[in-house]
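Residue numbers (this note's numbering): -17 to 263.
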């Protein structure tokens, strides 16, 4: 498991216990010359809790210059993931983005997405240390105005950007058509999906089959559907073959892709096919 420690403890230790982590990489920033600082106290507390009753757990320390340096955090987490894959290509790697700096969380999320088997997770809070009237004591100014934990900031710092391709529009929209038909218990065999894709403006090969006889046309359309949609869905890990029903179904990754990257038109009836405007070609 990979996590960052600044001023949180249970958000690191609880998920480590939940996932039964055997090796925990802790990213933090604490001056070696000042072992008594608050940063070291939080780090030491996390290590103590992780070791309680777990003699087999290994804690790997990553004391970096700054956990607020986005590029450094990205390099650090990528290095950890690469190192673990080098030790065991099939190992389970869990990356916690609920503790630590905002820069660490953003970098860790991106690093995890660059290595698809990596499990990215967050930890919702069930209770807070500061409650009731004490909130004003810690989060308000002396004048009684809401401020938060930070009372002053430095100049904004632009982060390095990295190009991450969004999934192909037609593949996502076609996947949504498949998902809608499954949800509405409608047939999803090749001819049915071809008709649905045409109806939703996602079919661009009409002219290639225009002069063929009906049997050849159906065969050509079936080949185009498989190569342009099914084969690519399979490659992305978005669908899987349901052998018992002889059809393709969405995987959890495929459903997440639809839920994230496809927004139905406002006011649409989810019981019908979505009307999608075809992309210019």
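Backbone N, C-alpha and C fix where the C-beta goes; we use that ideal spot for every residue, glycine too.
Just tell me which of 195, 199, 121 and 206 has its CA closest to the CA of residue 179. Looking from the CA of residue 179, the closest CA among 195, 199, 121 and 206 belongs to 206.
Do residue 9 and residue 82 have their CB atoms nearer than 8 Å? Yes. Within cutoff.
Residue closest to residue 230, alpha-carbon to alpha-carbon, out of 77, -16, 203 and 160: It is 160.
Residue 48 versus 42, -12 and 24, residue with shortest Cα-Cα distance: Comparing alpha-carbon positions, the option among 42, -12 and 24 lying closest to residue 48 turns out to be -12.
Whole-angstrom C-beta distance between residue 240 and residue 170, which should lie under 8 Å: Rounded, the Cβ-Cβ distance is 14 Å, inconsistent with contact.
Touching by the beta-carbon criterion (3+ pairs, under 8 Å), the stretch 15 to 22 and the stretch 30 to 46: The stretch 15 to 22 is not in contact with the stretch 30 to 46.
Hey, which unbroken runs of the beta strand (DSSP E) at 3 residues or more fall wholly within the stretch 184 to 237? If we require 3 residues or more, the beta strand (DSSP E) runs fully inside the stretch 184 to 237 come out as 221 to 224 and 229 to 232.
What's the C-alpha gap between residue 142 and residue 80? Note on geometry: alpha-carbon atoms of residue 142 and residue 80 lie some 22 Å from one another.
Between the Cα of residue 148 and those of 243, 3 and 203, spot the shortest distance and give me the residue it belongs to. Nearest C-alpha to residue 148: 243.
Option nearest residue 119 by Cα separation, candidates 131, 109 and 26: When the alpha-carbon of residue 119 is set against those of 131, 109 and 26, the nearest one is in 131.
Using CA atoms only, rank isn't needed, just tell me which of 151, 181, -9 and 26 is closest to residue 78. Minimum Cα distance to residue 78 is reached at -9.
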